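First residue of the sequence shown? That's -14 in our numbering, and the numbers climb one at a time after it. To keep things clear, I will list the structure first and then write my remarks on it.
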Amino acid sequence: MTDTIKKSARRIEVNYALVQGFYWSSACTLGGFAAVFLTSRGLNDAQIGLSVALVSVLTILFQVCLSAYADKHSELPLKKTVSALYLTVIVLSAVMSVFSLPAALLILVYVIASALVNSQCGLLNAQLVQYRNAGVPASYGWPRGVGSIFYAVSAYFYGLAV
């Protein structure tokens, strides 16, 4: 293996580790602290339960649609699709955080944002597979471990904040 390929693989791994980290941090925020956040916004237990259930259903639909889209548009790099999803989640999260939304609208925005986050996991895995299929020996293990560390650290600090 040449030095160029090794450097390329290392750069990809570092970038992928950061992507995994921020993905799992956002998953922690929207999933792990859903009840705390939604309660603070005035939702009752039944509304929170409905929201979480809807997230699960919409995640399945989004994953199917996103996978089909990625397969159909193979000329579009997955990182652009993932970036667009991240940007959408950031905007929706900002809307939930900044504005006092009516319950129905809050549920809608939360469900869409959370389902988009949950739907990205397969695309993130596919990104690394693309590199490996192109002959770049990038590792999955340690970058995914960084994701777990980000989740744990995020959960700790979010827990302190509430």
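Quick reminder that beta carbons are idealized off the backbone N, C-alpha and C, glycines included. Model, not experiment: these values are computed from the prediction.
Measuring straight from C-alpha to C-alpha, what distance separates Ser41 and Asp(-12)? 44 Å
Out of Gly120, Leu39 and Thr66, which one is the CA nearest neighbour of Leu51? If we check each option's Cα against that of Leu51, Thr66 comes out closest.
What whole-angstrom Cβ distance do Ser104 and Thr14 have, given they're in contact under 8 Å? Their Cβ separation, rounded to whole angstroms, is 16 Å, which puts Ser104 and Thr14 out of contact at 8 Å.
Distance, Cα to Cα, Ile92 vs Gln32? 8 Å
Give me the Cβ distance between Gly132 and Gly16, rounded to the nearest whole Å; I'm assuming they're in contact under 8 Å. In this structure Gly132 does not touch Gly16 by the C-beta definition: roughly 14 Å separates them, more than the 8 Å allowed.
Inspect the beta-carbon positions of Val94 and Val80 and report whether they are closer than 8 Å. When the beta-carbon positions are compared, Val94 and Val80 come within less than 8 Å of each other.
Under 8 Å: do the region 18 to 32 and the region 68 to 77 share three or more Cβ pairs, one atom per stretch? no
Is Ser104 helix, strand or coil by DSSP? Ser104: helix per DSSP, three-state reduction.
With respect to the alpha helix (DSSP H) encompassing Glu(-2), which residues constitute its N-terminal and C-terminal limits? Membership of Glu(-2) in the alpha helix (DSSP H) is indicated by the continuous run Asp(-12) to Ala12.
Exposed or buried, what is Glu60 when buried is set at 16 or more other beta-carbons lying within 10 Å of its beta-carbon? By the neighbour-count rule (16 or more Cβ atoms within 10 Å), Glu60 is not buried but exposed.
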